[in-house]
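Student: Here the sequence shown stands for residues 228 to 448, numbered as in my numbering. By construction, the Cβ of each residue, glycine as well, lies at the ideal position given by its N, Cα and C atoms.
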Amino acid sequence: MSILLAIEGLRKAYLDGGIKRWVLNDTSLTLHAGEVVALCGPSGSGKTTLMNLVAGLLEPDQGRIALHVEAQQLLISDMGVAERARVRRRHMGYVFQFFNLVPTLNVRENVLLPLELNGRSDLAAAALARLSALGLNSHERQYPEQLSGGERQRTAIARALAHEPTLVLADEPTGNLDAENAHRVVELLWREVRALNSGLIIATHDESIAARADRVIRFSQ
Ligand SMILES: Nc1ncnc2c1ncn2[C@@H]1O[C@H](COP(=O)(O)OP(=O)(O)OP(=O)(O)O)[C@@H](O)[C@H]1O
Ligand SMILES: [Mg+2]
228 MSILLAIEGL
238 RKAYLDGGIK
248 RWVLNDTSLT
258 LHAGEVVALC
268 GPSGSGKTTL
278 MNLVAGLLEP
288 DQGRIALHVE
298 AQQLLISDMG
308 VAERARVRRR
318 HMGYVFQFFN
328 LVPTLNVREN
338 VLLPLELNGR
348 SDLAAAALAR
358 LSALGLNSHE
368 RQYPEQLSGG
378 ERQRTAIARA
388 LAHEPTLVLA
398 DEPTGNLDAE
408 NAHRVVELLW
418 REVRALNSGL
428 IIATHDESIA
438 ARADRVIRFS
448 Q
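In structure tokens, the structure reads:
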């Protein structure tokens, strides 16, 4: 199995009243193509921080984050903001904990946005099929503020998968869903990862989801 993501010795602190408070202290993780890793741990233990570092939205204080894609090694931890944004847009799909949908775009437009940004209109039919699979076809023309929390979450999931990224980061993607929709989301995420031979990092408080992962990283406070 080929390595898709290698994280070594990652450290990240936030400044708290001028004092450094370490959230991640020497975190390492290897993800292979086709694998799912679950991040578990109490609220505030650093799951979202780790995802934001991998996505290049935050810079580590120390450590190495390398994404292996198309026979290249992309050293995210050494890149500047613009290059990290380019890698994120092209190779990653991020289901944010708080969705981050574009408020001025409807559901359909939000989901098709990554395809526009990447010039991949060939993937539009598959992207819209995911909206159906997530039970959202009757909501395609609605704007985020007109959606329930769970509908927003499912839209965010369809958007993250639209451009069929190498790495999917899903931050508590079932946190707002009923059991049936949570099941649909989990099935879809696992199916996509296996079919595309991509990788999935999923933060969850749900032990039944963690149990399905190939590996579980447990954070403590
Ligand atoms: N921008 C920031 N500035 C200062 N502290 C922050 C910042 N972002 C996060 N933190 C702190 O870092 C810690 C880890 O936060 P993080 O969001 O990574 O936790 P989490 O494991 O995702 O929690 P949850 O399960 O509630 O989503 C928390 O104590 C939080 O208060
Ligand atoms: Mg979080």
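Can you tell me whether V250 sits near ligand 1, meaning its C-beta is under 7 Å from at least one heavy atom of the ligand?
Tutor: Yes, ligand 1 has a heavy atom inside 7 Å of this Cβ.
Student: Measuring only from the beta carbon, is G273 closer than 7 Å to any heavy atom that is part of ligand 1?
Tutor: Yes - ligand 1 has a heavy atom lying nearer than 7 Å to the Cβ of G273.
Student: For Q373, verify whether its CB is less than 7 Å away from any heavy atom of ligand 1.
Tutor: Result no, Cβ not under 7 Å from ligand 1.
Student: In three-state terms, what does DSSP make of E297?
Tutor: The answer is coil: DSSP assigns E297 none of H, G, I, E or B.
Student: Between the Cα of A293 and those of V308, V314 and T275, spot the shortest distance and give me the residue it belongs to.
Tutor: For A293, the nearest C-alpha among the options comes from V314.
Student: Hey, would you say the C-beta of T331 is under 7 Å away from at least one heavy atom of ligand 1?
Tutor: It does not: the Cβ of T331 is nowhere closer than 7 Å to a heavy atom of ligand 1.
Student: With a 10 Å radius around its C-beta and 16 neighbouring C-beta atoms as the bar for buried, classify E407 as buried or exposed.
Tutor: It counts as exposed.
Student: Does DSSP put T275 in a helix, in a strand, or in coil?
Tutor: Three-state DSSP puts T275 in a helix.
Student: How about I428 and L266: do their beta carbons lie closer than 8 Å?
Tutor: Yes. Within cutoff.
Student: Our contact map puts P269 next to R238 with C-beta atoms below 8 Å; I'd like the distance itself, whole angstroms only.
Tutor: No, P269 and R238 are not in contact; Cβ-Cβ is about 20 Å, not under 8 Å.
Student: Going by Cα to Cα distance, which pick from Q448, F325, Q380 and L394 is closest to L358?
Tutor: The candidate whose alpha carbon is nearest that of L358 is Q380.
Student: Between E297, G273 and R317, which lies nearest to V395 when the distance is taken from Cα to Cα?
Tutor: For V395, the nearest C-alpha among the options comes from R317.
Student: With contact counted as at least three CB pairs below 8 Å, one residue from each stretch, are the stretch 365-372 and the stretch 298-310 in contact?
Tutor: Segments in contact, no.
Student: When you compare only the Cα positions, how much space is there between R418 and S425?
Tutor: Distance between the alpha carbons of R418 and S425: 10 Å.
Student: At a threshold of 7 Å, does Q448 count as lining ligand 2 (C-beta to nearest heavy atom)?
Tutor: No - ligand 2 has no heavy atom lying nearer than 7 Å to the Cβ of Q448.
Student: My output table needs one value for R368: the three-state DSSP class, helix, strand or coil.
Tutor: Here R368 sits in coil by DSSP.
Student: Is the beta carbon of T393 sitting closer than 8 Å to the one on V296?
Tutor: It is a contact, given that the beta carbons lie within the stated cut-off.
Student: If you draw a straight line from the C-alpha of P330 to the C-alpha of L342, how long is it?
Tutor: In a straight line, the C-alpha of P330 is about 18 Å away from that of L342.
Student: Using 8 Å as the threshold, is the C-beta distance between V264 and D433 below it?
Tutor: Contact flag unset, no.
Student: Per DSSP, what kind of secondary structure is H259 in: helix, strand or coil?
Tutor: H259: strand per DSSP, three-state reduction.
Student: Please state whether the Cβ-Cβ distance between L339 and T382 is less than 8 Å.
Tutor: Not closer than 8 Å, so no.
Student: As an exercise, report each continuous alpha helix (DSSP H) stretch of at least 4 residues that is fully enclosed by the stretch 340-398, in chain order.
Tutor: With a minimum length of 4 residues, the continuous alpha helix (DSSP H) runs that stay inside the stretch 340-398 are 351-360 and 376-388.
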